[in-house]
Structures are given as C-alpha cells and as structure tokens.
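Report on the structure given below.
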Amino acid sequence: MRAGRLKHVIAITRRVETIGEGGIASDTFTPIARLRAEIMSRDARAFIAEAGEQTEAAVVFRVRFRPGIEPGDFVTMDERDFTISELKEIVARRVLELRCTGDRA
39 MRAGRLKHVI AITRRVETIG EGGIASDTFT PIARLRAEIM SRDARAFIAE AGEQTEAAVV
99 FRVRFRPGIE PGDFVTMDER DFTISELKEI VARRVLELRC TGDRA
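Start counting the sequence shown at 39; every next residue gets the next number (this note's numbering).
Shown next, in the form of structure tokens:
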C-alpha cells in the first residue's frame, strides 16, 4: 500500500448500549480509531423492497491493518456514516478492506 493513496481521513466508531439512571437504555457511539484511507470503489446497489426499489450506497475503503475493527462498526467520512458489512485482509495483517453499505441507522 502506498502512503500517497491514503488521501481520506475516516473515523471508526462502535455503538455501545449504556443503561442510565432509572434503567433507561441509550445508544452511544464510542470512537475506535481515526485512520487514513483510500476509497477503492463507490457504487449504488439496487435493492428490491416491498414498496419498490431502494438505492443504498456502497463504499470500499482500504486502510492499513488495525486489529479490533469488526463488522457492524461504523465509518464516518465527510459527515456521512456507513456501516461496515464485511472485512477483508488483502495482505496478511498489512492491509484491511472495509466493505461498507448505506448510512448509519
């Protein structure tokens, strides 16, 4: 991986459910990492739903390997949020591909 291709800064966050006073549960987003990334592809996938077609954004980010990132975590870039749906090691423990879809729900 060439450092010059890592042009974008992304933040990885994880949803954590906390129980506050009175037993009320709430979701908070805990920062995991701030990384430089390369965008490999941007496309739109059409999903057929009962009401018709819906379009969901799909983005693949490539970053230097970092342990602790899991599917279900979130990527934030330029005030847009994506859910990590799949992880793929490209070079053993050197490069990690984050396959992300849609916006954070």
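For each residue, glycine too, the CB sits at the ideal point set by N, CA and C.
Close-in-space but distant-in-sequence residues of the same chain around residue i (CB under 6 Å, 5 per side omitted)
i: LYS126; result: GLU135
i: SER79; result: VAL98
Element boundaries [beta strand (DSSP E), containing residue i]
i: ASP119; result: 118 to 129
i: GLU108; result: Here GLU108 belongs to no beta strand (DSSP E), and DSSP marks it neither H nor E.
i: ARG53; result: 46 to 57
i: PHE112; result: 112 to 115
Local conformation of residue i per DSSP, three classes
i: ARG132; result: coil
i: ARG40; result: coil
i: ALA82; result: Model confidence at ALA82 stands at a pLDDT of 48, short of 50, so the residue's coordinates are unreliable and nothing is read from them.
i: ALA87; result: Any reading at ALA87 must be qualified, since the residue scores a pLDDT of 45, below 50, and its modelled position is unreliable; no value is offered.
Proximal residues to residue i (C-beta, below 8 Å), its chain only, five neighbours per side dropped
i: ARG58; result: Before going further, note that residue 58 is Gly rather than Arg in the sequence given. Excluding positions up to five away in sequence, the list reads SER64.
Residue i burial status per 10 Å Cβ neighbour count (16 or more: buried)
i: ILE122; result: buried
i: VAL113; result: buried
i: ALA87; result: In this prediction, ALA87 scores a pLDDT of 45, lower than 50, which makes its location untrustworthy; the coordinate-derived value is nonetheless stated afterwards. That one is exposed.
i: ILE50; result: buried
i: ILE48; result: buried
i: ALA130; result: exposed
i: VAL54; result: exposed
Heavy atom of the ligand ZN within 7 Å of residue i beta-carbon
i: LEU134; result: The ligand ZN is not part of this structure, which contains no ligands at all.
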